[in-house]
Amino acid sequence: MKIELNLLENSYDFIINSFELYSTALEYGIHDPKRSRVDNKVKWKLAFITMVQAIELLLKEVLFRIHPNLIYLNIDSYNKINFKTVSFQQAINRVLNFSEKPIDQEDVIFLINCAKLRNEFIHYKVKIQSEQISPKYSALYNIYKKLYKEFFQEEITFTQQKYQHIEGNILQFNENMTIYRGFEINKNEAKLIQEELEENNKYKFYITKDGKKIPRIKFGDELNYVSNKFKEIESENFAMYEHYDVCDECLAKHGDYHLDGCDLEICPACSKQLITCGCIVKKVK
Ligand SMILES: [Zn+2]
Ligand SMILES: [Zn+2]
C-alpha cells in the first residue's frame, strides 16, 4: 500500500507548500505596502496552482481507495507502458461515478473552473489579479477540507502551529479581508488608510523653506503640471501617473494627494521627488 500513502502524503505536501506561498503573498499585501506588488502576485499564482494540485491528488486518493486502477486513464489496459493517470476533470467525473459519496454540484462547477484557471496560469500568460485569486483560494481550501472530511472521515490537521495559524487565516479570509482600491488588505487597515487619505486631502498647500505657500500636486495631475512648467519635458517619465488609477505606493487614487512619505509624490517647488528634495517644510490647509 505504498502508493496509497504516497498520494495522500503528496497531497498534504502540496497543501503545506501552498500555505507557505500563501503566507508569503499575504505578508507582502498586508505588512509591507511599499514592496513590489509583482512579487506578491506571482506568489498568489503559485499558491493557487499548488492548491489545485493538492485537490487533484486528494481526488486520486479517493479513486485509489475504491480501486487502484481507477487513477489511470485506461482502466482496462493499464500496464507499465500505458500508465497515464486521469486529469483533474476526469478525476472529478470518476469520483462522481464510482464513489457512493456525492460532491456538492456547486463545488464541482467551482473546482472545474479553478482547474481551467490553473491551466491558463501554467500554459498562457494570464494577467493576474490577486484580488480575484485570494477569495478563490480561500474557497478552494474550504472545499479541500470538506472533501477530506467527507471521504476520509477525519479532519485534516496540522501538527505545526505555523500551519494551524495559516489555515485559520485562510478560513477567516472572508471575514478579515477586503478589496480596497484593487488591493486585498485587512479590513481594519483599509479603514485607517481611508481615514488618512480623507484627512490628508484637506491639506491643499505646502510651505517651502523660503516661506512660500504653494499648491500641492494631486495624484494624476503630475504629467500636466510638469509639462506646463517645462516645455521640453520627456513625458514618458511621468506616464505612470496617468496609466494607473491608484498609486501603488500609498493607495491614493486620481484626485487624492499622496500620503506623507510616498516616494511617487512630486515636489511642486522643484518638480523632483518630494521626499528627497528638501524644499518643503510642512503641509497646510
Ligand atoms: Zn502615492
Ligand atoms: Zn523640491
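Residue 44 in the working numbering sits at position 39 of the sequence shown; the count goes up by one each step and never skips.
The beta-carbon is built from N, C-alpha and C at its ideal position, and this holds for glycine as well.
Please read all numbers here as calculations on a predicted model, not as lab measurements.
message = With DSSP as the reference, identify every bridge partner of Thr29, one or two as the case may be.
response = If you number the sequence shown from 1, residue 29 lands on position 24. Paired residue(s): none; Thr29 is not in a bridge.
ask   = Pro273: buried (16+ other C-beta within 10 angstroms of its C-beta) or exposed?
value = Start at 1 with the first residue of the sequence shown, and residue 273 comes out as number 268. So Pro273 ends up on the buried side.
query = If we call anything under 9 Å between Cβ atoms a contact, is Ile97 one with Ile80?
reply = What you label residue 97 is simply residue 92 of the sequence shown in a count that begins at 1. What you label residue 80 is simply residue 75 of the sequence shown in a count that begins at 1. No, the Cβ-Cβ distance between Ile97 and Ile80 is not below 9 Å.
ask   = Are the beta-carbon atoms belonging to Ile175 and Tyr142 less than 9 Å from one another?
value = As a working note, residue 175 is residue 170 in the sequence shown. As a working note, residue 142 is residue 137 in the sequence shown. The answer is yes: Cβ separation under 9 Å.
Limits of the beta strand (DSSP E) - the one that Tyr211 falls within = The residue given as residue 211 occupies position 206 in the sequence shown. Counting along the chain, the unbroken beta strand (DSSP E) around Tyr211 starts and ends at Phe210 to Thr213.
task = For Lys287, count neighbouring C-beta atoms within 10 Å of its own C-beta (all shown protein chains included) and say buried if the count is 16 or more, exposed if not.
result = Counted from its first residue, the sequence shown places residue 287 at position 282. Exposed, since its Cβ has fewer than 16 Cβ neighbours within 10 Å.
message = What does DSSP give as the partner residue(s) for Val289 in the beta ladder?
response = For this step, residue 289 is matched to residue 284 along the sequence shown. Phe210.
query = Quick one, are the C-beta atoms of Glu270 and Phe210 less than 9 Å apart?
reply = Here residue 270 is taken as the residue at index 265 of the sequence shown, counted from 1. Here residue 210 is taken as the residue at index 205 of the sequence shown, counted from 1. No, these two residues do not count as a Cβ contact at 9 Å.
key: C-alpha gap between His263 and Ala257, whole angstroms   = Residue mapping note: residue 263 aligns to position 258 of the sequence shown, counting from 1. Residue mapping note: residue 257 aligns to position 252 of the sequence shown, counting from 1. In this model, His263 and Ala257 are separated by some 6 Å (Cα to Cα).
inquiry  = Suppose the cutoff is 7 Å on Cβ atoms and the five residues either side in sequence are ignored; what does the same chain contact list for Leu13 look like?
reply    = For the purposes of this step, residue 13 is taken as the residue at position 8 of the sequence shown. Residues Glu66 of the same chain have their beta carbon placed closer than 7 Å to that of Leu13, with the five preceding and five following residues left out of the count.
ask   = Under 8 Å from any heavy atom of ligand 4, does the C-beta of Cys255 make it?
value = Absent from the structure shown: ligand 4. Ligands present: ligand 1 and ligand 2.
Three-way DSSP call (helix, strand, coil) for Ser276 in this model = In the sequence shown, counting from the first residue as 1, residue 276 sits at position 271. When secondary structure is reduced to three states using DSSP, Ser276 falls in the coil class, being assigned neither helix nor strand.
inquiry  = Taking its Cβ as the centre, do 16 or more other Cβ atoms sit within 10 Å of Thr55, making it buried, or is it exposed?
reply    = Taking the first residue of the sequence shown as 1, we reach residue 55 at position 50. Buried is the call here.
message = Are there any heavy atoms of ligand 2 lying less than 8 Å away from the beta-carbon of Lys218, as far as the coordinates show?
response = Numbered from 1 along the sequence shown, position 213 holds the residue referred to as residue 218. No, since every heavy atom of ligand 2 falls outside the 8 Å radius drawn around the Cβ of Lys218.
query = Is the beta carbon of Tyr77 less than 9 Å from the beta carbon of Phe88?
reply = Taking the first residue of the sequence shown as 1, we reach residue 77 at position 72. Taking the first residue of the sequence shown as 1, we reach residue 88 at position 83. In contact: Tyr77 and Phe88 (Cβ atoms closer than 9 Å).
request  = Take Leu279 and list the residues in its own chain whose beta-carbon comes closer than 7 Å to its own, dropping the five residues that flank it on each side.
outcome  = Reading the sequence shown from its first residue, position 274 is the one you call residue 279. Excluding residues within five positions, the ones whose Cβ falls inside 7 Å are Glu270, Ile271, Cys272 and Ile285.
query = Given a threshold of 16 other Cβ atoms within 10 Å of its Cβ, counted over all protein chains shown, does Asp261 qualify as buried or as exposed?
reply = As a first step, residue 261 must be located in the sequence shown, where it is residue number 256. Buried is the call here.
message = Checking 9 Å against the spacing of the C-beta atoms, do Ser23 and Phe53 come in under that value?
response = As a position in the sequence shown, residue 23 is number 18, starting the count at 1. As a position in the sequence shown, residue 53 is number 48, starting the count at 1. Contact check for Ser23 against Phe53 passes: the beta carbons are separated by less than 9 Å.
request  = Could you tell me whether any non-hydrogen atom of ligand 1 is closer than 8 Å to the CB of Leu269?
outcome  = Numbered from 1 along the sequence shown, position 264 holds the residue referred to as residue 269. Checking every heavy atom of ligand 1 against the Cβ of Leu269, one is found closer than 8 Å.
task = Pull up the DSSP beta-bridge partners for Pro220, would you.
result = By 1-based counting over the sequence shown, the position of residue 220 is 215. Per DSSP, the beta-bridge partners of Pro220 are Phe210.
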